[in-house]
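Have a look at the structure below, then the notes.
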Amino acid sequence: MSEPAIPAASNLGTAPAVEAAGIRKRFGSTRALRGVDLSLQPGRCLGLVGRNGAGKSTLVSILSGIYAPDAGEVRLDGQPAPSLGDIAAWRGRIATVFQHSMVVPGLTVAENVFLGRQPRRWGLWGGGVVDWGAMREQTRKVMADWGFDVNADTACGNLTVEQRQVVEITRALAAGTRCLLLDEPTAALERGAAQRLFERVRQLQAQGVAILYISHHLEEVFEICTDVAVLRDGELVLTAPLAEVTKDDLVTAMVGQNFSAERSVADAAGPGQPAGAAAAGPEPAGPEPAPAAGARPALVVEGVTFASPGVFLGNVSLTVHGGERVGVTGLRGSGATTLARIVAGAVTPDAGQVRLCFPARGDQVLRPGDRAGALRAGIGYIPEDRQADGFVPLLGAAENIAMTITDRIARFGVVGPRRREARAAPLARRLSLVSAGLDQPVRELSGGNQQKVTVARALASDPALIVAITPTRGVDVASKELLLSELDRVTRQTGATLLLASDELDDLAICDRVVVLVRGEIFTEFTEPPFDREALIAATEGLGVT
Amino acid sequence: MSDTKNNLTALAVDVESALARKRSRSATAISWIREAALVPVLAVLLIVGAILNPHFLTVSNIVTGIGQQSSALGVVVVGESLILLIGGMDLSLESTFGLAPMIAAWLIVPVAAFGDGLLLNPYLGIGILLVVGAAVGLVNGLLIVKGRLNGFIVTLAMTIVLAGIQEGIVKGQAPFNLPTAFGYLGAADLGAVPVSLIVAAVIFVLTGLFLRYHQLGRAIYAVGGNREAAHAAGIKVNQVRIGVYVAGSMLAAIGGLMEAGRVSSVTPTQGYGEGIIFPVFAAAVIGGVSLQGGRGNMVGAASGVILLGVVQNILELENVSNYWVDAINGGVILFALILARVIGGEASAE
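For the protein sequence lines, the chains are Y and H, in the order given.
Just so you know, we're using this note's numbering here: the first sequence kicks off at 57 and counts up by one.
Just so you know, we're using this note's numbering here: the second sequence kicks off at 994 and counts up by one.
The following block contains the structure:
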């Protein structure tokens, strides 16, 4: 195999690294892309944003040579793109770092960098044996050239998520690629690692690498991109240098005119009442005040201690009053989500106890790690990772929603599908669940609707305490606001207490109080909504107590 | 403005659900086809059988030749299907199928008939048989669920241990002269219909209804479909899993009792020595019970059993040389799997 020529940054000239013209792609009756024109110059970083379903993934797949477009042309470095099957040729020109790690955990860094194109010696008729020395040497050289620092001999399974990403970028650069597609690269990174990633992106860009940066987070786009392109319903509705647009322009472009008008109406109606609430139900969340401070404590966490690789909680105590909505936030590994999981009975702490005092049910100490007991005690739970813990994909929506209340709706242990649907239907309606019927397997629903099922499952048991972990992760803007407004409404109307662990500031906006954890300890508390974005971020980093 | 927005949202939701309904109607049709995937195979086999042999389509052949022969296997298939549904697997059911009736028979029959001379009451013997089944299932369940050992290896080792005990306690002999009460389930008839067939059918129907309508039955699908989600929803996942291992082994023991009654003795090779686990898995998987858990039902499992029974019966009626039975049997199973895959699509026969 011949080593692809590495074009020097200086003599790339003005040919765009990537140029897409009139790209169309259709899946069945869905028109995923309807004539997209995109151009990316060397040394620029183009942010590609859009809501779920706008066509981002399809575009990424076409630009990475995974799908062929139905119409239109992709040009790389001014030349027509290689044919679809010639993966090696694609990888030499453009490389994608996907959201999910594509390294082989059992192999070393050097092996992963040269996966499928290992340097060889004693070459005979295209054969030969792997030249381990050269492979390590070249890996070290590429790492050194680009200022990366990962040991070439470590097994990738022992690396952090951040380091694996570096390995993937190194793989692309070692193949001669000077054009990178980063698909949601910060999704699995904690903030420090994300900052280091931004540094790397800037550095790559400075050396003439073209970068297409796909993200859900507009702040990130503003932080590192030079240009931005907005996809909506398969069309590019906005392309501009970033300096010329504001965040509001982007949001408007992403969601369309209608939505932004509604948003301003909702904003005028008052904070904590997101748009989309009007569509969720006729009753407004109303000006009922949150229960006064000094109400009885509903949840008392005492001296909870927990240690595992990556997460640590040191003697954390927290009291939440009845009807209060408390946010818990912190960096990945700060213990914020672990604390919530312990309260929900999903994780057993090493020490400490969780006490509940609901008026209707009396005082009780939760048996640690007893999820079924916690449910009986009145705790509804929205787990962090819906794919892993949120639903059973092959079962219907109604069955998933009613899973927490089978005890209650069963007669002599028998659960009729009709009774199940009767209980699930009102919740599905309130959350505007879109399905072909409540018996449709949840696997076939979209991500946002799957999350609605997960939330409905938690609410079905009429919980006195709702433990929600990142309840809006990975859902589109409209679903996100719908879910948050429903949590807001339910807690206001039923007086349920809410413990919400999230690192998304939009989620925390529905809380009355936000507790910030740093390295497994409570660092500070924000008691006055609306919470200041900058101050919260600083606090999670362990800075600036006020 | 707000009204317009609401109307638009409502319209969008309506359109999306209409599209989704349309998709789902075709999906429902497909799932119906999947359930019926074996019907054409069965029809072809019935026609072939009828052409080859005039006795094939007689009531006595269908009821006794196919029905009674398949009953014992069918009950074990129910047990294995339950275990597959929770995402487990149990190879040792074939040994439980032999060991449980062996211990019971050994305690019941006199020394002259290779018993141990205890001359236990036959009803008590049946009780012991169930206890042995439950105990094996409990040990398997505890080792796999609480001990977090790999189910394949645990039950493989258990298979050999149990088969060794089965042979060891009788020193390779086959207890015979089983009391009528002990053999009733496998040997007796109600009118023209064998009791074993009725009991097997009842077990299939009850298990099917249990899986469909009982909260524990639904919990089995939830645990097999996504263990973590079931746990987060408050289902006692470990108890369900252990319980299913126990139930599966008890069903295997009942199947063994039927087999012992049918041949009116317990041979040291019953179960493991006959390698019944292969047809058990084959029937379940041909019937659409997924090896990955969470998918399958009793209608499918029953049709898998019937299909294997029909093939077996045709081979017997045609006096196919014993040396060739296995090859033909295996070939038919392979063919049925491929056909189920072709008709049922991606998800079937996993």
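In this text, a Cβ means the ideal position worked out from N, Cα and C, and glycines have one as well.
Host alpha helix (DSSP H) of residue i (start-end)
{"i": "H:Leu1204", "result": "Val1188 to Tyr1206"}
{"i": "Y:Ala436", "result": "For clarity, residue 436 of chain Y is Gly in the given sequence; the question names Ala instead. Taken as a continuous stretch (DSSP letters only), Y:Gly436 belongs to no alpha helix (DSSP H), being part of the beta strand (DSSP E) at Ile435 to Ile438."}
{"i": "Y:Asn371", "result": "No alpha helix (DSSP H) holds Y:Asn371; the beta strand (DSSP E) holding it covers Val367 to His377."}
{"i": "Y:Ser95", "result": "No alpha helix (DSSP H) holds Y:Ser95; the beta strand (DSSP E) holding it covers Thr86 to Leu96."}
{"i": "H:Leu1035", "result": "Val1032 to Leu1045"}
{"i": "Y:Asp305", "result": "Lys303 to Val311"}
{"i": "H:Val1124", "result": "Pro1115 to Gly1134"}
{"i": "H:Gly1241", "result": "Val1230 to Val1256"}
{"i": "Y:Val198", "result": "Trp188 to Asp201"}
{"i": "Y:Lys112", "result": "Lys112 to Leu119"}
{"i": "Y:Lys536", "result": "Val533 to Thr550"}
{"i": "Y:Arg474", "result": "Pro473 to Arg486"}
{"i": "Y:Arg388", "result": "No alpha helix (DSSP H) contains Y:Arg388, which DSSP labels as neither H nor E."}
{"i": "Y:Glu276", "result": "Leu274 to Ile280"}
{"i": "Y:Leu592", "result": "Arg589 to Thr596"}
{"i": "H:Gly1140", "result": "Segment: none, H:Gly1140 is in no alpha helix (DSSP H) and carries neither H nor E."}
{"i": "Y:Ile461", "result": "Careful: Y:Ile461 lies outside any alpha helix (DSSP H) and carries neither H nor E."}
{"i": "Y:Thr604", "result": "Residue 604 of chain Y is absent from the model: chain Y starts at 57 and stops at 602."}
DSSP bridge partner residues for residue i (one or two, in chain order)
{"i": "Y:Lys508", "result": "DSSP, once it has assigned bridges, lists no residue as partnering Y:Lys508."}
{"i": "Y:Cys413", "result": "Y:Asp419"}
{"i": "Y:Tyr269", "result": "Y:Gly103 and Y:Leu238"}
{"i": "Y:Gln135", "result": "Y:Leu132"}
{"i": "Y:Thr152", "result": "Y:Leu237"}
{"i": "Y:Leu287", "result": "Y:Leu292"}
{"i": "Y:Pro161", "result": "Bridge partners of Y:Pro161: none, in fact."}
{"i": "Y:Val470", "result": "Y:Arg467 and H:His1207"}
{"i": "Y:Pro497", "result": "Y:Gly452"}
{"i": "Y:Val185", "result": "Y:Arg177"}
Residue i: first and last residue of the uninterrupted beta strand (DSSP E) it sits in
{"i": "Y:Ser558", "result": "Note, Y:Ser558: premise wrong, no beta strand (DSSP E); not H, not E."}
{"i": "Y:Thr385", "result": "Arg381 to Thr385"}
{"i": "Y:Ser364", "result": "Pro353 to Ser364"}
{"i": "Y:Glu291", "result": "Glu291 to Pro297"}
{"i": "Y:Glu577", "result": "Glu577 to Phe582"}
{"i": "Y:Lys81", "result": "Val74 to Phe83"}
{"i": "Y:Ala524", "result": "Leu521 to Ile525"}
{"i": "H:Leu1100", "result": "Looking at the DSSP string, H:Leu1100 is not in any beta strand (DSSP E); the run it does join, the alpha helix (DSSP H), is Leu1086 to Ile1101."}
{"i": "Y:Arg569", "result": "Arg569 to Val574"}
Interface partners of residue i on chain H, CB under 8 Å
{"i": "Y:Phe447", "result": "Asn1219 and Ala1222"}
{"i": "Y:Thr404", "result": "Under the 8 Å cutoff, chain H gives no residues; its nearest Cβ is about 12 Å from Y:Thr404."}
{"i": "Y:Leu431", "result": "Ala1226 and Gly1227"}
Neighbouring residues, chain Y, relative to residue i (Cβ below 7 Å)
{"i": "H:Arg1288", "result": "Leu450"}
{"i": "H:Ala1294", "result": "Per Cβ cutoff of 7 Å: no residues; H:Ala1294 is ~17 Å from chain Y at best."}
{"i": "H:Arg1211", "result": "Glu455, Thr462 and Val471"}
{"i": "H:Ala1215", "result": "Val448, Leu451 and Met459"}
Within chain H, partners of residue i - CB distance below 7 Å
{"i": "Y:Ala466", "result": "Gln1208"}
{"i": "Y:Val470", "result": "Tyr1206 and His1207"}
{"i": "Y:Pro439", "result": "Ala1225"}
{"i": "Y:Arg569", "result": "Chain H residues near Y:Arg569: none, gap ~26 Å exceeds 7 Å."}
{"i": "Y:Arg427", "result": "His1224, Ala1225 and Gly1227"}
9 Å Cβ cut-off: residues of chain Y touching residue i
{"i": "H:Ala1277", "result": "Under the 9 Å cutoff, chain Y gives no residues; its nearest Cβ is about 17 Å from H:Ala1277."}
C-beta neighbour in chain A for residue i, strict 8 Å
{"i": "Y:Ala444", "result": "You won't find chain A in this structure, because its protein chains are Y and H."}
Proximal chain H residues relative to residue i, where beta-carbon distance stays under 9 Å
{"i": "Y:Arg513", "result": "Ala1222, Ala1225 and Ala1226"}
Taking one C-beta from the region 1077 to 1097 of chain H and one from the region 1141 to 1161 of chain H each time, how about it: are there three or more such pairs within less than 8 Å? The region 1077 to 1097 of chain H, when compared against the region 1141 to 1161 of chain H, does touch it at the 8 Å Cβ threshold.
Can you check the region 1270 to 1304 of chain H for any alpha helix (DSSP H) of at least 4 residues that lies completely inside it and give the ranges in chain order? DSSP runs (the alpha helix (DSSP H)) wholly in the region 1270 to 1304 of chain H: 1270 to 1279.
Would you be able to state if there are at least three C-beta pairs under 8 Å between the region 417 to 436 of chain Y and the region 1201 to 1218 of chain H? Under the 8 Å Cβ criterion, the region 1201 to 1218 of chain H does not count as touching the region 417 to 436 of chain Y, having fewer than three qualifying pairs.
Does the pairing of the region 443 to 451 of chain Y with the region 494 to 507 of chain Y give three or more beta-carbon distances under 8 Å? In this structure the region 443 to 451 of chain Y lies against the region 494 to 507 of chain Y, because at least three pairs of beta carbons, one per stretch, are closer than 8 Å.
Spell out a yes or no on whether the region 246 to 255 of chain Y and the region 187 to 199 of chain Y are touching, meaning 3 or more CB-CB pairs, one atom from each, closer than 8 Å. The region 246 to 255 of chain Y vs the region 187 to 199 of chain Y: no contact.
Does the region 118 to 134 of chain Y come close enough to the region 303 to 310 of chain Y to have 3 or more Cβ pairs within less than 8 Å? Result no; under three Cβ-Cβ pairs closer than 8 Å.
Are three or more beta carbon pairs between the region 1253 to 1267 of chain H and the region 550 to 559 of chain Y nearer than 8 Å? No: fewer than three Cβ pairs fall under 8 Å.
Report the residue ranges of all alpha helix (DSSP H) runs contained in full by the region 1160 to 1187 of chain H; include only those spanning at least 4 residues, in chain order. The region 1160 to 1187 of chain H contains these whole alpha helix (DSSP H) runs: 1173 to 1180.
Are at least three pairs of beta-carbons, each pair with one atom in the region 456 to 465 of chain Y and one in the region 508 to 522 of chain Y, less than 8 Å apart? A contact exists between the region 456 to 465 of chain Y and the region 508 to 522 of chain Y.
Counting beta carbon pairs with one atom in the region 1206 to 1218 of chain H and one in the region 1096 to 1104 of chain H, are three or more of them shorter than 8 Å? They do not touch, by the three-pair rule.
Between the region 1157 to 1174 of chain H and the region 1121 to 1135 of chain H, do three or more beta carbon pairs fall short of 8 Å? Output reads no: the region 1121 to 1135 of chain H does not touch the region 1157 to 1174 of chain H.
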